[in-house]
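Peer 1:
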Amino acid sequence: MRELLIPRGIIGLQLQYVFSDCVENQLMIKFNEKMISYHDKFRLFITTKLANPHYAPEISTKTTLCNFAIKEQGLEDQLLGIVVRKEKPQLEEQKDNLVFTIASNKRTLKELEDKIL
Numbered sequence: 304m305r306e307l308l309i310p311r312g313i314i315g316l317q318l319q320y321v322f323s324d325c326v327e328n329q330l331m332i333k334f335n336e337k338m339i340s341y342h343d344k345f346r347l348f349i350t351t352k353l354a355n356p357h358y359a360p361e362i363s364t365k366t367t368l369c370n371f372a373i374k375e376q377g378l379e380d381q382l383l384g385i386v387v388r389k390e391k392p393q394l395e396e397q398k399d400n401l402v403f404t405i406a407s408n409k410r411t412l413k414e415l416e417d418k419i420l
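The opening residue of the sequence shown carries number 304 in the working numbering; numbering runs sequentially from there.
Here's what the structure looks like:
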């Protein structure tokens, strides 16, 4: 398991250090003992090509992690659904209705089991 290393300056960057400069009407942020202009719509995105990266706890608590990995089976299901919806929309609609019915029946079954027990 490889741990991603992020520079200390980025980890130490916290929004509690954002100041509003009234004279220039700009937001400033203190970073490495320097005041830097900061835009309120600024976002930092960091990506990796690692299949299953491990992040240190201090990074995980200060960031939002999004896994955009696509499994082959999931992609296949999505593409097949698009093709079927285009070629035979009534068949895909029937499948959607069946999936909904199955989910509803599972929920009802769970409620009945809980009621009996």
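Think of the CB as a built atom: it goes at the ideal place given N, C-alpha and C, for glycine as much as any other residue.
Every value quoted in this text rests on a predicted model; they were computed, and no experiment measured them.
Pick from Phe334, Asp343, Phe371: whose alpha carbon is nearest that of Leu350?
Peer 2: Before going further, note that residue 350 is Thr rather than Leu in the sequence given. Residue Phe371 is the option with its Cα nearest to Thr350.
Peer 1: Give me the Cα-Cα distance between Thr364 and Tyr358, rounded to the nearest whole angstrom.
Peer 2: Answer to the nearest angstrom: the Cα atoms are 10 Å apart.
Peer 1: On the DSSP bridge assignment, give the partners of Phe341 in chain order.
Peer 2: The question names Phe, but residue 341 in the sequence shown is Tyr. Tyr341 pairs with Leu330.
Peer 1: For Ile373, which of Thr366, Ala354, Leu394, Arg388 has the nearest alpha-carbon?
Peer 2: Selected option, being the one with the closest Cα: Ala354.
Peer 1: Below 8 Å on the Cβ atoms is my contact criterion, and I expect Val402 with Glu395 to pass it. Report the Cβ-Cβ distance as a whole number of Å.
Peer 2: Between Glu395 and Val402 the Cβ distance is about 11 Å, and since that is not below 8 Å, they are no contact.
Peer 1: By how many angstroms is the C-alpha of Phe334 removed from the C-alpha of Gly384?
Peer 2: Between Gly384 and Phe334, the C-alpha separation is close to 49 Å.
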